[in-house]
Ligand code: AMO
């Protein structure tokens, strides 16, 4: 007999969140056996479903079904039973087991304990080596559910602001961001590069769609093993045309962040509770100019400045503290970074060309975003490239955008793992990457 393929999935099984609606009824649930706790005369069989961990109770009193040795942790099961109120916790429901059908069995026992609330005392490296298994731990998987919410919030908000979603190539003839952290690739005998960002493409698409965004992987050949750099990360980028100033970009980002936090609160409450996350309140985000920030660091915090072109991580920490103390804000925009340290596409400030119309967003004292206004005038862009010793001929296709006309525009890049890391209070960005790539790691 032909299966019906009308796109409708038969809902034979329920999730824990459906339990109250099914109270005192028999239902079918599918999931993985997360844990079995043998008690005297009965057993708890904890089932891990897509998003929940559900307590089921086995007892010979409930039916003629008898649990045997085939029912072990790691089995995929179809479990039938009656939904009742939890005997000990009035606000919870559990299932009285009537039958367990084993759909598949593991070949081996779990190599590490993943069925406790958290992965106790497991070093990060071992956790990452064992990702296919460790991600099954409820707290571990909650991290990436929340990460889903962040990326989803970014997309949903930008859709609501008439942005078009784009997908740009990751194998490119030129790097966009400059610097040494670019991966080179042999492409049929020709040298090409892995995308450090979608910068060129998002700019090229401004005269096409006016407002564009992309959430996608980018690559940085970070030669050092640091707690905040990955070699592949997910960049949430947008670019928008017809801006009056780069403050329009900062406003759009503030809106996106507010939307993201509200979405997390609304749809990700179980994961936030599991990870004990303190969502930041976002009001008006304070803004400070780069050189004023340097002055605050020296005058207020008595730190000697050695580099006036960029911030050291410790200086960003200080600024994070300052924003919290002065404005009660977890976020701080720093604007007008020195031109010397910004890429060639950044627009210099006409009032003082040593600085750019650009910004970083610090979240709890760490940079999570870079953005700003770009050069839209062809002659100006070519001149800035030449001044930096670049050959405009190498960027012919990018420069077509400028040559044939583009509006004043700007945008930003927000690191998904960075924001996740600081939202969840992790010390290492790898904890916020499902399958991280760093100088020593390309598996799993
Ligand atoms: P930038 O190079 O500053 O700017 O990167 C933007 C944001 O990406 C994140 N990030 C990283 N995250 C993890 N590992 C890394 N190695 C890493 N490097 C950067 C940070 C950072 O703030 N094209 C510009 C953006 C723009 O102006 O639109 C760019 O890529 O969160």
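In this note's numbering, the protein residues as written are 2 to 445. Positions of the beta carbon are idealized from the N, C-alpha and C atoms, including for glycine. Small disclaimer: the values here were computed from a predicted structure and weren't measured.
Original post:
How would you label residue 104, buried or exposed, when you count the other beta carbons within 10 angstroms and need 16 or more for buried?
Top reply: Residue mapping note: residue 104 aligns to position 103 of the chain shown, counting from 1. Exposed.
Subject >> Start-end ranges of the beta strand (DSSP E) lying completely within the region 273-329, minimum 3 residues >> reply: 288-290
Original post:
By Cβ distance below 8 Å, which residues in the same chain neighbour residue 192 in space, the five residues on each side in sequence not counted?
Top reply: What you label residue 192 is simply residue 191 of the chain shown in a count that begins at 1. Answer for residue 192: 185 and 186, listed in chain order.
**OP:** Rank 26, 20, 24 and 49 by C-alpha distance to the C-alpha of residue 34 and give the top, closest one.
**Re:** The residue given as residue 34 occupies position 33 in the chain shown. Of 26, 20, 24 and 49, the residue nearest in Cα terms is 49.
**OP:** Excluding the 5 residues preceding and the 5 following residue 425 in the sequence, name in chain order all residues of the same chain whose CB lies nearer than 8 Å to its CB.
**Re:** Taking the chain shown and counting its residues from 1, the one referred to as residue 425 is at position 424. So the list reads 144, 147, 276, 278, 432 and 433, once near-sequence residues are dropped.
**OP:** Return yes when the Cβ of residue 72 is within less than 8 Å of the Cβ of residue 32, no when it is not.
**Re:** Residue mapping note: residue 32 aligns to position 31 of the chain shown, counting from 1. Residue mapping note: residue 72 aligns to position 71 of the chain shown, counting from 1. No, Cβ-Cβ distance for residue 32 and residue 72 is not below 8 Å.
Original post:
Any heavy atom of ligand 1 closer than 7 Å to the CB of residue 42?
Top reply: If you number the chain shown from 1, residue 42 lands on position 41. Checking every heavy atom of ligand 1 against the Cβ of residue 42, none is found closer than 7 Å.
Original post:
Is residue 215 closer than 8 Å to residue 203 when the C-beta atoms are compared?
Top reply: The residue given as residue 203 occupies position 202 in the chain shown. The residue given as residue 215 occupies position 214 in the chain shown. Against a cut-off of 8 Å, the Cβ pair of residue 215 and residue 203 comes out as a contact.
**OP:** Could you tell me which residues DSSP pairs with residue 339 in its beta bridges?
**Re:** Here residue 339 refers to the residue found at position 338 when the chain shown is read from its first residue. BP columns for residue 339 point to 356.
Original post:
Within 7 Å: the Cβ of residue 370 and any heavy atom of ligand 1?
Top reply: Here residue 370 is taken as the residue at index 369 of the chain shown, counted from 1. Correct: residue 370 has its Cβ closer than 7 Å to ligand 1.
**OP:** Mind reading off the beta-carbon distance from residue 355 to residue 375? Whole number of angstroms is fine, and I expect it under 8 Å.
**Re:** In the chain shown, the residue the question calls residue 355 occupies position 354. In the chain shown, the residue the question calls residue 375 occupies position 374. No, residue 355 and residue 375 are not in contact; Cβ-Cβ is about 18 Å, not under 8 Å.
Subject >> Counterpart residues of residue 236 in DSSP-defined beta bridges >> reply: Within the chain shown, residue 236 is the residue found at index 235, counting from 1. According to DSSP, residue 236 bridges with 217 and 416.
Original post:
Would you say the beta carbon of residue 238 comes nearer than 7 Å to a heavy atom of ligand 1?
Top reply: Counted from its first residue, the chain shown places residue 238 at position 237. Result yes, Cβ under 7 Å from ligand 1.
Original post:
Can you give the Cα-Cα distance for residue 435 and residue 158, rounded to whole angstroms?
Top reply: Numbered from its first residue, the chain shown carries residue 435 at position 434. Numbered from its first residue, the chain shown carries residue 158 at position 157. Rounded to the nearest angstrom, the two C-alpha atoms are 24 Å apart.
Original post:
Which of the three DSSP states, helix, strand or coil, is assigned to residue 100?
Top reply: What you label residue 100 is simply residue 99 of the chain shown in a count that begins at 1. DSSP places residue 100 in strand when its eight states are reduced to three.
Original post:
In angstroms, rounded to a whole number, what distance separates the CA positions of residue 429 and residue 415?
Top reply: Here the question's residue 429 lines up with position 428 in the chain shown. Here the question's residue 415 lines up with position 414 in the chain shown. When rounded, the distance between both Cα atoms is 17 Å.
Original post:
From this set, 189, 168 and 228, which residue's C-alpha is nearest residue 422's C-alpha?
Top reply: As a first step, residue 422 must be located in the chain shown, where it is residue number 421. Looking at the Cα atoms, 228 is the closest of the given residues.
**OP:** Look at residue 407 and residue 207 and say whether their C-beta atoms are less than 8 Å apart.
**Re:** For the purposes of this step, residue 407 is taken as residue 406 along the chain shown, with counting starting at 1. For the purposes of this step, residue 207 is taken as residue 206 along the chain shown, with counting starting at 1. In contact: residue 407 and residue 207 (Cβ atoms closer than 8 Å).
Original post:
Can you name the residues that DSSP bridges to residue 182?
Top reply: Counting from 1 along the chain shown, the entry for residue 182 is found at position 181. Answer is none; residue 182 lacks a bridge partner.
**OP:** Indicate, with yes or no, if ligand 1 has a heavy atom lying under 7 Å from the CB of residue 423.
**Re:** Within the chain shown, the letter at position 422 stands for residue 423. False, no ligand heavy atom lies under 7 Å from that Cβ.
Original post:
Going straight from the alpha carbon of residue 318 to that of residue 294, what length do you get?
Top reply: Your numbering for residue 318 matches position 317 in the chain shown. Your numbering for residue 294 matches position 293 in the chain shown. Roughly 12 Å separates the two Cα atoms.
**OP:** May I ask whether a heavy atom of ligand 3 can be found less than 7 Å away from the beta carbon of residue 144?
**Re:** The ligand content of the structure shown is limited to ligand 1, which means ligand 3 is not among them.
Original post:
What's the C-alpha gap between residue 259 and residue 283?
Top reply: Taking the first residue of the chain shown as 1, we reach residue 259 at position 258. Taking the first residue of the chain shown as 1, we reach residue 283 at position 282. Cα-Cα distance, rounded: 6 Å.
**OP:** Count the CB pairs spanning the region 353-371 and the region 314-331 that are closer than 8 Å, and state whether there are at least three.
**Re:** yes
Original post:
In the DSSP assignment, what are the bridge partners of residue 173?
Top reply: In the chain shown, counting from the first residue as 1, residue 173 sits at position 172. 194, per the DSSP bridge assignment.
Subject >> Assigned secondary structure, residue 370 (DSSP; H/G/I helix, E/B strand, else coil) >> reply: Taking the first residue of the chain shown as position 1, residue 370 is located at position 369. Strand at residue 370.
**OP:** Kindly provide the ranges of any alpha helix (DSSP H) runs that are 4 or more residues long and lie completely inside the region 361-406, ordered along the chain.
**Re:** 379-388 and 397-404
**OP:** Verify whether the separation of the beta carbon atoms of residue 84 and residue 20 is less than 8 Å.
**Re:** For the purposes of this step, residue 84 is taken as the residue at position 83 of the chain shown. For the purposes of this step, residue 20 is taken as the residue at position 19 of the chain shown. Yes, these two residues count as a Cβ contact at 8 Å.
Original post:
Helix, strand or coil: which one does DSSP assign to residue 134?
Top reply: Taking the chain shown and counting its residues from 1, the one referred to as residue 134 is at position 133. Residue 134: helix per DSSP, three-state reduction.
**OP:** Compare the beta carbon distance of residue 238 and residue 199 with 8 Å and say whether it is the shorter of the two.
**Re:** Taking the first residue of the chain shown as position 1, residue 238 is located at position 237. Taking the first residue of the chain shown as position 1, residue 199 is located at position 198. For residue 238 and residue 199, yes; Cβs fall inside 8 Å.
**OP:** With DSSP collapsed to three states, give me the class of residue 64.
**Re:** For this step, residue 64 is matched to residue 63 along the chain shown. The answer is coil: DSSP assigns residue 64 none of H, G, I, E or B.
Subject >> Length of the line joining the Cα atoms of residue 267 and residue 152 >> reply: Here residue 267 is taken as the residue at index 266 of the chain shown, counted from 1. Here residue 152 is taken as the residue at index 151 of the chain shown, counted from 1. Using only the alpha carbons, I get a separation of about 15 Å.
Subject >> Extent of the continuous beta strand (DSSP E) to which residue 88 belongs >> reply: For the purposes of this step, residue 88 is identified with residue 87 of the chain shown, where counting begins at 1. Per DSSP, residue 88 belongs to no beta strand (DSSP E) and is neither H nor E.
Subject >> Short Cβ contact (8 Å threshold) for residue 357 with residue 337 >> reply: Mapped onto the chain shown, residue 357 falls at position 356. Mapped onto the chain shown, residue 337 falls at position 336. Contact: yes.
Subject >> Residue closest to residue 230, alpha-carbon to alpha-carbon, out of 396, 16, 17 and 437 >> reply: Taking the chain shown and counting its residues from 1, one reaches residue 230 at position 229. Selected option, being the one with the closest Cα: 437.
**OP:** With DSSP collapsed to three states, give me the class of residue 12.
**Re:** Here residue 12 is taken as the residue at index 11 of the chain shown, counted from 1. Confidence at residue 12 is low in this model, with a pLDDT of 49, below 50, so its placement is unreliable and the value that follows should be read with caution. Coil, per DSSP.
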